[in-house]
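To keep things clear, I will list the structure first and then write my remarks on it.
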Amino acid sequence: MNLKYIAKRLLYAIPAVVLVVIIIFLLTRVMPGDPARAYLGEMATEEQVEQLREEWGLNDPLPVQFVRYVSGILHGDFGYSNRTHDTVLNDFIKRIPASLELALWALAIAILIGVPLGIASATHKNSPLDHGARIFSMLGATMPVFWFGLMLILIFYATLHWTVAPTGRISMGINPPTTITGMYVLDSILTGDMVALKDSLAHIILPAITLSMSTMAVMARMTRASMLEVLGQDYIRTARAKGMKERIVIYRHALRNALIPILTVLGGQFGMMLGYTVVVETIFSWPGIGFYVTDAILNVDYNPVQAFALFSALLYVVINLVLDILYTVVDRRVKYD
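Residue numbers for the sequence shown follow the working numbering, beginning at 2 and rising by one.
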């Protein structure tokens, strides 16, 4: 592992992070509504609202507020939530396992279905399977996430009654598994709680499919395009001419060299998935960070919104750094510089 390369990449990310911090701060300051008024309610007097604004420093000049905001970030202080009356950091820590579990399931579904579908589409070019996969990719990539989630609820819960009520992580009356990681499915497996496992799986399947759909479609389309390009290379024709089994040609030679553009798309899609999490968690009342931030936006609560945007930006930078490193593992021709 080249630490100099990693340090250089982190240095390149600093200007982007600084710009993100500035944009986040300014955008939250132009949000409609008054945080002090939202906190006190419509029955509060103007004097009470003005006093609270002074206490929170909302009347200070923007440069003063910005310096205070940046100073808090550097000290790990993201402020307090006016809704929960707790620090934003504590609120995030409580909700990260739920969001992480949902994101991991969605990512797994997108990869396990999208990549094989793209491979099958490429290896059966212009067949009915290929045409069907391309139509699926087009629809999945353009379908609004909120509409798709509502359709899943309408079909599988309201009409067919195949799933449990699409709200929360576990049904009322069923005790959550003993907390180890905070992710209910994994904790149920680790503790052997089959009742909680069955119910938590029933709750996560619809939101996970909803969140994965766009990424799954893009992964299938990108895998197909990348595989078609690789399958046309001379070394693939040579491998086939030598009598290699088609399975070895496809999965050992072609797929390995087709992975770099697929990994690039995966990094971008994971960033988009962070944004979709807000919508999906709201639709399914999933008690994660996205649902928490939606509530903060509706109640003009600056601090959680700022923290979520900053967290998403930093995570996106880290993901792209990890992908850059993975390139050298997948393709030895890629060198650090």
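Ideal Cβ placement from N, Cα and C applies to all residues, glycine included. Here the structure is a predicted model, which is why all the values come from computation and not from measurement.
Collapsed DSSP secondary structure at residue i in the structure displayed
{"i": "Pro88", "result": "Per the sequence shown, the amino acid found at residue 88 is Thr instead of Pro. Note: Thr88 maps to strand in three-state DSSP."}
{"i": "Phe309", "result": "helix"}
{"i": "Gly269", "result": "helix"}
{"i": "Phe149", "result": "helix"}
{"i": "Ala339", "result": "Residue 339 lies beyond the range of the chain shown here (2 to 338); nothing can be said about it."}
{"i": "Ile181", "result": "coil"}
{"i": "Ser172", "result": "coil"}
{"i": "Glu282", "result": "helix"}
{"i": "Asn321", "result": "helix"}
{"i": "Ala99", "result": "helix"}
{"i": "Trp106", "result": "helix"}
{"i": "Asp302", "result": "coil"}
{"i": "Met44", "result": "coil"}
{"i": "Asn60", "result": "coil"}
{"i": "Pro117", "result": "helix"}
{"i": "Pro262", "result": "helix"}
{"i": "Pro208", "result": "helix"}
{"i": "Val165", "result": "coil"}
{"i": "Met223", "result": "helix"}
{"i": "Met245", "result": "coil"}
{"i": "His254", "result": "helix"}
Cross-strand partners of residue i (DSSP beta bridge)
{"i": "Tyr81", "result": "Thr88"}
Chain B contact for residue i (CB, 8 angstroms cutoff)
{"i": "Ser227", "result": "Included in the structure is just one protein chain, with no chain B present."}
Where the alpha helix (DSSP H) through residue i begins and ends
{"i": "Gln49", "result": "Glu47 to Trp57"}
{"i": "Ser286", "result": "No alpha helix (DSSP H) contains Ser286, which DSSP labels as neither H nor E."}
{"i": "Tyr236", "result": "Asp235 to Ala242"}
{"i": "Lys9", "result": "Leu4 to Arg30"}
{"i": "Val65", "result": "Leu63 to Leu75"}
{"i": "Phe131", "result": "Just to set this straight, residue 131 is Asp in the shown sequence, not Phe. Looking at the DSSP string, the run of the alpha helix (DSSP H) that includes Asp131 is Pro129 to Thr143."}
{"i": "Thr295", "result": "Ile290 to Leu299"}
{"i": "Leu41", "result": "Pro36 to Leu41"}
Whole-number beta carbon distance between residue j and residue i, since they are thought to touch under 8 angstroms
{"i": "Met228", "j": "Gly119", "result": "6 angstroms"}
{"i": "Met220", "j": "Ile263", "result": "7 angstroms"}
{"i": "Ala240", "j": "His254", "result": "6 angstroms"}
{"i": "Arg84", "j": "Asp296", "result": "6 angstroms"}
{"i": "Val306", "j": "Val318", "result": "Incorrect: roughly 19 angstroms between the Cβ atoms, too far for contact."}
{"i": "Ala99", "j": "Arg170", "result": "6 angstroms"}
{"i": "Arg222", "j": "Ser138", "result": "4 angstroms"}
{"i": "Gly291", "j": "Val279", "result": "4 angstroms"}
{"i": "Ala197", "j": "Ile181", "result": "That pair is no contact at about 12 angstroms."}
{"i": "Val50", "j": "Asp35", "result": "7 angstroms"}
{"i": "Tyr277", "j": "Val146", "result": "5 angstroms"}
{"i": "Ser201", "j": "Ser189", "result": "6 angstroms"}
{"i": "Ile210", "j": "Ile110", "result": "6 angstroms"}
Minimum C-alpha distance to residue i - residue among the options
{"i": "Leu105", "options": "Pro208, Val323 and Tyr293", "result": "Pro208"}
{"i": "Ala14", "options": "Phe292, Asn321 and His76", "result": "Asn321"}
{"i": "Ile97", "options": "Ile171, Val301, Val318 and Leu275", "result": "Leu275"}
{"i": "Glu230", "options": "Gln52, Thr124 and Val65", "result": "Thr124"}
{"i": "Ser72", "options": "Val22, Thr29 and Pro33", "result": "Val22"}
{"i": "Pro167", "options": "Ile175, Ile154, Thr179 and Pro288", "result": "Ile154"}
{"i": "Val186", "options": "Leu103, Ala134 and Phe147", "result": "Leu103"}
{"i": "Gly80", "options": "Asp325, Ala314, Ser313 and Ala308", "result": "Ala308"}
{"i": "Leu59", "options": "Leu191, Ser128 and Asn304", "result": "Asn304"}
{"i": "Thr283", "options": "Leu212, Ile114, Met195 and Leu315", "result": "Leu212"}
{"i": "Thr29", "options": "Ile298, Val323 and Ser313", "result": "Ile298"}
{"i": "Leu311", "options": "Pro36, Tyr252, Gly77 and Ala259", "result": "Gly77"}
{"i": "Asn258", "options": "Thr224, Ser128 and Met273", "result": "Thr224"}
{"i": "Gly233", "options": "Gly244, Gly193 and Val250", "result": "Val250"}
{"i": "Tyr70", "options": "His86, Met44 and Ile24", "result": "Ile24"}
{"i": "Tyr1", "options": "Asp325, Gln52, Ala203 and Gly42", "result": "Only positions 2 to 338 of the chain appear in this structure, which leaves residue 1 out of reach."}
{"i": "Gln66", "options": "Ile94, Gly272, Val323 and Phe26", "result": "Phe26"}
Heavy atom of the ligand SAM within 7 angstroms of residue i beta-carbon
{"i": "Glu51", "result": "The ligand SAM is absent from the structure shown, which contains no ligands of any kind."}
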